[in-house]
Amino acid sequence: MSITNATRNCRSGLTGRCLPAVTLLMAATLLLLVAAATAESGGSDDTGESSWVGVVVARHSLDVSSDVQGRVDTVFVDLGSQVVAGDILLRLDERWFRIDLDRARSAMQAAVAESTRMSVMVAEAGSRWDRRREAAESWSREEYDSSRFAVQEAEASLAQAVANVAASRADVTRFAERLAATAVRARFDGNVAARYVELGEYVTAGSPLVRLVDTTDPYLRCGIPADRWRDIQVGDTFAVGVGQGTADLRVVLRRMSPEIDQATGLRWGEADFLPGETPPPPPGTQVFVQPADRPTSR
């Protein structure tokens, strides 16, 4: 399976199943790049002078999906669009959702009316019961009990009507939320890295629609070779270079895996870029990492 095919499977709604495969493929790619970097350096691993590879990663990235299914009615963004949290990325056809909401509202109005009617019946039955209690000797035992039971029956019907109103309100809330969900919004400030759907396409709930990436604060993820990690610890500073250029960026190692990955033979580390004149490269950029005291480039 290629990374392209794995990504295509993710776009088709198999995100949960293909994520481990994509992670493994990325790890294998990093391992191959480490081997290539070692070969280019003349196989000088025992000197500790060669660089190893890393990838710039967005701190926040998300495949935005919808909570409902439907047909894409309007698209507001394209590749590279900058958005802020709450912006509408695309909207699904809302006609049927609006119809469902109107029906729920009508049902709630009917339930409220029935509750009002039951309140009147309770008041009427209670008034009749009060009159017969005041003149109990004027009524037969059967009529007396019938009036008392009528009050209890009216009160039970009122309780049922009140419960129906509560259920109807819950339905209105549910359908209102489904209608609101037809507007797919950005979860955070960022840029659109990919758009997986087109106008008029039918989408299912939970399927990825737009990939959103926050490029303002990227970090570095690197695979530390097994023969290097003994001399590296959290808090160390490293120089970072892009391609064959000068290593003019600096990172500080913030986190390091407690074990060596069996599939790749690497120990994963994550580092934050330090402030400097040169801004960090965009997410997805392959970089080379080396000790900070080395002069310049690979």
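Just so you know, we're using our numbering here: the sequence shown kicks off at 989 and counts up by one.
Even for Gly, the Cβ is constructed at its ideal location relative to N, Cα and C.
* Asked: Looking at the structure shown, is Q1057 part of a helix, part of a strand, or coil, going by DSSP?
  -> Coil at Q1057, not helix or strand.
* For V1277, does the count of other Cβ atoms within 10 angstroms reach 16, so buried, or fall short, so exposed? -> Buried, since its Cβ has 16 or more Cβ neighbours within 10 Å.
* Asked: According to DSSP, which residues form a beta bridge with W1084?
  -> Beta-bridge pairing links W1084 to no other residue.
* **Strand pairing of Y1207, partner residues [DSSP]** => Answer by DSSP bridge pairing, in chain order: V1045, D1260.
* To the nearest angstrom, report how far apart Y1184 and V1072 are at their CA atoms. => Going by the C-alpha atoms only, they are around 19 Å apart.
* Local Cβ density within 10 Å of T1192, reported as buried at 16 or more and exposed below that -> Exposed, since its Cβ has fewer than 16 Cβ neighbours within 10 Å.
* **Which listed residue (A1214, P1279, S1069) has its alpha carbon closest to that of G1178** => Cα-wise, what sits closest to G1178 is S1069.
* Asked: Cα-Cα, which of V1052, F1085, V1063 is closest to L1187?
  -> Comparing Cα-Cα distances from L1187 to each of V1052, F1085, V1063, the minimum goes to V1063.
* To do: For D1236, collect the residues of the same chain with a Cβ closer than 6 Å to its Cβ; drop the 5 residues on either side in sequence, then sort them by chain order.
  => Only T1266 meet the Cβ criterion.
* Asked: Given that a residue counts as buried once 16 or more other Cβ atoms are within 10 Å of its Cβ, and exposed if not, what is L1089?
  -> The residue is buried, with at least 16 neighbouring Cβ atoms inside 10 Å.
* Whose CA, out of G1253, Q1057, Y1190, P1269, lies closest to the CA of D1202? -> When only C-alpha atoms are compared, the closest one is P1269.
* To do: Under 8 Å Cβ to Cβ from W1217, same chain only, skipping five residues before and after it: list those, please.
  => Setting aside the 5 residues that flank it on each side, W1217 is surrounded in the same chain by M1244, I1248, R1255, each with a C-beta closer than 8 Å to its C-beta; the list follows chain order.
* Counting along the chain, where does the beta strand (DSSP E) carrying G1229 start and finish? -> Counted as a single uninterrupted DSSP element, the beta strand (DSSP E) harbouring G1229 occupies residues 1225-1230.
* Asked: So what's A1099 in DSSP terms, helix, strand or just coil?
  -> A1099 falls in the helix class under three-state DSSP.
* Name the DSSP bridge partner or partners of Y1184? -> Y1184 pairs with nothing; no bridge assigned.
* Asked: With burial defined as no fewer than 16 other Cβ atoms inside 10 Å of the residue's Cβ, what is the status of V1275: buried or exposed?
  -> Burial call: buried.
* Asked: DSSP puts T1170 in a beta bridge; with which residues?
  -> As computed with DSSP, T1170 is found in no beta bridge at all.
* Quick one: what's got a C-beta closer than 7 Å to R999's C-beta in the same chain, skipping five residues either side? -> No answer about R999 holds up, because its pLDDT of 41 lies below 50 and its placement is not dependable.
* **V1010 to S1094 span [Cα, whole Å]** => Because the pLDDT at V1010 is just 40, under 50, the model does not fix this residue reliably, and the value given afterwards should be weighed accordingly. It is roughly 49 Å from the alpha-carbon of V1010 to the alpha-carbon of S1094.
* To do: Below 6 Å CB to CB, which residues in the same chain sit around V1056 once its five sequence neighbours on both sides are set aside?
  => Around V1056, the same chain offers R1166, A1169, A1193 as residues with beta carbons nearer than 6 Å, after the five sequence neighbours per side are excluded.
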